[in-house]
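Student:
Number of protein chains: 2
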Amino acid sequence: MTGLPDLSTTRVRRTPTTLADGRDFFYYDDSEPYVSGEQTRRLDDPRPLPDRFAPIEGPDGVTQPVTGPQMRYDVLTGEWVPMAAHRMNRTFLPGPDTNPLAPAKPGAEYTDGEIPATDYDVVVFENRFPSLMRVPGEPDETTHLDGNDLYPVRPAVGRCEVICFSPDAGASLSSVTPTRMRTIVEAWADRTAALHAIDGVQQVYCFENRGAEIGVTLHHPHGQIYAYPFLTPKTQTMLHQAVAHRQRTGRNLLKDVLEGELASGRRIVGESEHWVAYVPAAARWPVEVHVAPRRDVPDLPATTDAERTDFAGLYLNLLRRLDQFFVDADGTPMPLPYISGWHQAPVVHGRDDLRLHLQLFSIRRAPGKLKYLAGSESGMGAWISDTTPEKIADRLKEIA
Amino acid sequence: MTGLPDLSTTRVRRTPTTLADGRDFFYYDDSEPYVSGEQTRRLDDPRPLPDRFAPIEGPDGVTQPVTGPQMRYDVLTGEWVPMAAHRMNRTFLPGPDTNPLAPAKPGAEYTDGEIPATDYDVVVFENRFPSLMRVPGEPDETTHLDGNDLYPVRPAVGRCEVICFSPDAGASLSSVTPTRMRTIVEAWADRTAALHAIDGVQQVYCFENRGAEIGVTLHHPHGQIYAYPFLTPKTQTMLHQAVAHRQRTGRNLLKDVLEGELASGRRIVGESEHWVAYVPAAARWPVEVHVAPRRDVPDLPATTDAERTDFAGLYLNLLRRLDQFFVDADGTPMPLPYISGWHQAPVVHGRDDLRLHLQLFSIRRAPGKLKYLAGSESGMGAWISDTTPEKIADRLKEIA
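Those protein sequence lines, which keep their order, are chains A and B. For the record, in the first sequence the residue sitting at position 319 is 319 according to our numbering, with numbers rising by one throughout. For the record, in the second sequence the residue sitting at position 326 is 326 according to our numbering, with numbers rising by one throughout.
Printed below as a string of structure tokens:
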């Protein structure tokens, strides 16, 4: 909890605390009287959760230390794959009808959700079931499966955090106020800076999965923040392309792409003082939009106060239009299932070559139809689009 | 139709013909009396289909030449993305209750499916809606979208073919006889060799999508064959890894992986004289099996008659076990939704570094649960597994 980034220049109050099992938990409040004020709300977690890292008793009655998630190196692709083989204390599970992201009920002594306080603006906390986590005392060493050099194995250190966008389970990110969206941007930037400082973290990804069609079972508006202990394949690929472009032209690839979109104008779907939203020229998803800052910026912590405020307005406008992209047979808008996430420069590599941008995409290709990632996409990594970027842009432009 | 591969050493009779709109169509028959025999069955296509490549009248009444599918270069990833912007003659569509892969009804003068004959063993034909196709006369030139060097565009030349595994709409690949499976392997090998010879084709992928869960709407047992005009991202990645391994060790990566699996034995789920089936050490899907030949073989055309026959038995056994991998609450086996495809060496590149193997995987992670490719996988290309390769192997080993 030490060494948190400085928030003194922002309009947000960050209140760090800890859940009963030791997980970090942060309130981000944007207006007085602060809902996480210690005078009026309970901040401590009253649940009888065991320490996550306390030794646990196995089926044989023998007590053993907990182990963290591991990851294996896929020698055929050069990619690390975290795997859910770890053993953790998981004695507490919210009931099936419980929304673990809802605020605690006022007056109740006990909460079966994850939020101790009875109200909040925005909160961030460590995921109860992390795929990436450092277990204290576990050595961060590479070993080899079967003793074979081809099969390296390492602890999947890093972090998986959850961010709740609203205390209202029926809300969506598109329905929050500009001030609240601004607070969410602040939380993303703050957590990115803090996670960048964790030993072993190479890259931070703030993203939202929205909609049952992509497997979301918890409809309370929330996102996730992953701090990876490796460069993700997508980032490696983009870095490779950006470095090659710089070596060939002396210029920044992502800046040139933005300038190309601005010069063409054909696929621009939103502009503000500091940001540009466009459908990329080779969009591969049925709906895809990128949002990039006009200024060269490697990541969210490097954005200015004005850029954050400006983004909030542009993004809300974009999300509201996306929820009208498809309409059903009666002409009623169908909220879009989507994945939206921030491509940020890694902690060390590519700080001058990669440039902050948000990528939002959907697998819905028609009111009743999804794009499935079948043989070509999942087997060979070769995407085939059923539409064109210009058609996507035209539809977004016609929605007020 | 000229220059077809030599089939004289096989047990299969290939009968090439042409559909009414000019698409190539091949019967592969494995026993006399051949069901595609011209004496007993109609081979011609009686449907009034227009020539696919005849000029078509636009909404403005002006007749224009058809255009083939185009693909755009995604400069952020270095990948080509075929896009469905082409205009083709598509006046004929089978009715919604029609199975276009069923044999024609005996005695009927007209068929509204794709198969003119009233019976078949295995057939292969060009897809009516190809994402990859060369339109005669269309120049295979690279141009640039918006005149911008960052946005290359090219015709998506190549081929998309359909392979029907059985005339029985209620069958599945796992239910065909070993002889029929052997014929299917023959058809895959024959089409791979033929497609490798097409100008512009760089790589051939024979695959099967099976199950509604991955978007299959046509349940007649069938697969697809794609001939790509580029190296797919997955193949490029594997080639990069294989070349690096050879430069470091002087050895073939895929051979070393197979030897590693054989030496360990921990994840072997099937062996025959010529083939080995194993769960890869870094399997990223909830169910994943690779099947590799014991001998160094770049692609299916290079396999021997004995290897093809041997594969048929091993693969049938594997498919039948996979359909028992998950059972419902009553203990009833649940047929597995899966994607299965052959990684083959490209036409030119990597013939000595890449090695034939089949990759079969499923998105089902529990009886009622699917693995969704959400933010980490679809946004960052970073897979996270909910299981371990050893658990997958143990389950397959316990199924007789």
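Cβ coordinates follow ideal geometry from the N, Cα and C atoms, glycine included. Nothing here was measured: the structure is a model prediction, and the numbers come from that model.
1. Please name the residues in the segment 200 to 219 of chain B whose beta-carbon is closer than 9 Å to at least one beta-carbon of chain A, in chain order.
2. Let me know if A:S385 comes out buried or exposed under the rule of 16 or more other beta-carbons within 10 Å of its beta-carbon.
3. Would you list the residues sitting across from A:R154 in a DSSP beta bridge?
4. So, helix, strand or coil for B:A198, using DSSP?
5. Tell me which residues share the same chain as B:A277 and place their Cβ nearer than 6 Å to its Cβ, disregarding the 5 neighbours each side in the sequence.
6. State yes or no: is the beta carbon of B:W383 nearer than 7 Å to at least one beta carbon in chain A?
7. Output needed in chain order: residues of the segment 319 to 350 of chain B with a Cβ under 7 Å from some Cβ in chain A.
8. At the level of alpha carbons, what is the spacing between B:P16 and B:L300?
9. Consider the Cβ of B:L396: report whether some Cβ of chain A lies at a distance smaller than 7 Å.
10. Give every residue of the same chain whose Cβ lies closer than 8 Å to the Cβ of B:I163, excluding the five residues on either side of it in the sequence, and list them in chain order.
11. Can you give me the Cβ contacts of B:S340 inside the same chain, cut-off strictly under 6 Å, excluding the 5 residues immediately before and after it?
12. Within the continuous alpha helix (DSSP H) that includes A:Y27, where are the two ends?
13. Between A:K105 and chain B, is there a C-beta pair that is closer than 7 Å?
14. Just grab the DSSP bridge partners of B:Q224 for me.
15. Rounded to the nearest angstrom, how far is the Cβ of B:S362 from that of B:V287, given a contact under 8 Å?
16. Kindly list, in the order they appear in chain A, the residues whose Cβ is closer than 9 Å to that of B:Q359.
17. Give the single residue among A:A374, A:N99 and A:E79 whose Cα lies nearest to the Cα of A:H219.
18. Please classify A:E57 as buried or exposed, where buried requires at least 16 neighbouring CB atoms within 10 angstroms.
19. Return the Cβ separation of B:P233 and B:Q202 in integer angstroms, given the expectation that the two are a contact with Cβ distance under 8 Å.
20. Tell me the rounded alpha-carbon separation between A:E141 and A:P82.
21. Run through the DSSP bridge pairs and tell me what B:Y278 is partnered with.
22. Can you confirm whether the segment 26 to 36 of chain A touches the segment 318 to 336 of chain A when touching is taken to mean that 3 or more C-beta pairs between the two stretches lie within less than 8 Å?
23. Evaluate the contact criterion for the segment 60 to 68 of chain B versus the segment 135 to 153 of chain B: three or more CB pairs, one atom per stretch, below 8 Å.
24. Using three-state DSSP, classify A:E273 as helix, strand or coil.
25. Grouping DSSP H, G and I as helix and E and B as strand, with all else coil, what is B:V124?
26. Does the beta carbon of B:V153 come closer than 7 Å to any beta carbon on chain A?
27. Nearest CA to the CA of A:R251: which residue from B:R210, B:V279, B:L150 and B:V216?
28. Tell me where the beta strand (DSSP E) around A:H343 begins and ends.
29. When DSSP labels each residue in this structure, what does A:F361 get in the three-state scheme?
30. Are the C-beta of B:Y315 and some C-beta of chain A separated by less than 7 Å?
31. Along the segment 140 to 167 of chain B, where does the CB come closer than 8 Å to a CB of chain A? Name the residues.
32. Determine the DSSP secondary structure at B:Q64, reduced to helix, strand or coil.
33. Residues of chain B with a CB under 7 Å from the CB of A:Y73: which are they?
34. So that I know if they touch, is there some Cβ in chain B lying closer than 7 Å to that of A:T9?
35. Looking only at DSSP bridge pairs, what is A:L370 linked to?
36. Strictly under 7 Å for the Cβ-Cβ distance: is A:L76 near chain B by that measure?
Tutor: Let me spell this out:
1. Q203, Y205, F207, E208, N209, E213, I214, G215 and V216
2. buried
3. A:M71
4. Looking at the sequence provided, one finds Ile at residue 198 of chain B rather than Ala. Here B:I198 sits in coil by DSSP.
5. V269, G270, V289, V291 and L318
6. Closer than 7 Å to some Cβ of chain A, the Cβ of B:W383 qualifies, so yes.
7. Taken in chain order, the members of the segment 319 to 350 of chain B whose beta-carbon sits within less than 7 Å of a beta-carbon on chain A are I339 and G341.
8. For B:P16 and B:L300, the gap between their C-alpha atoms comes out near 20 Å.
9. no
10. V122, V123, V124, I184, A187, W188, R191, C206, H222, G223, Q224 and I225
11. Excluding positions up to five away in sequence, the list reads E208 and L360.
12. It is not in any alpha helix (DSSP H) - A:Y27 instead sits in the beta strand (DSSP E) that spans D24 to D29.
13. no
14. B:V162 and B:F207
15. Confirmed, Cβ separation roughly 4 Å.
16. Contact note: B:Q359 reaches chain A through G379, using a C-beta cutoff of 9 Å and chain order.
17. Out of A:A374, A:N99 and A:E79, A:N99 has the C-alpha closest to the C-alpha of A:H219.
18. Burial is judged here by how many other beta carbons sit within 10 angstroms of a residue's own beta carbon; A:E57 has fewer than 16 and is exposed.
19. Incorrect: roughly 13 Å between the Cβ atoms, too far for contact.
20. Computed Cα separation, rounded: 15 Å.
21. B:I268 and B:H290
22. The segment 318 to 336 of chain A, when compared against the segment 26 to 36 of chain A, does not touch it at the 8 Å Cβ threshold.
23. In short, these stretches touch, since the Cβ pair count reaches three.
24. coil
25. strand
26. Not one chain A Cβ lies under 7 Å of B:V153.
27. The option with the nearest alpha carbon to A:R251 is B:L150.
28. Y338 to H343
29. Strand at A:F361.
30. no
31. The segment 140 to 167 of chain B vs chain A, Cβ under 8 Å: L145, D146, N148, L150 and Y151.
32. strand
33. A282
34. no
35. A:R364
36. yes
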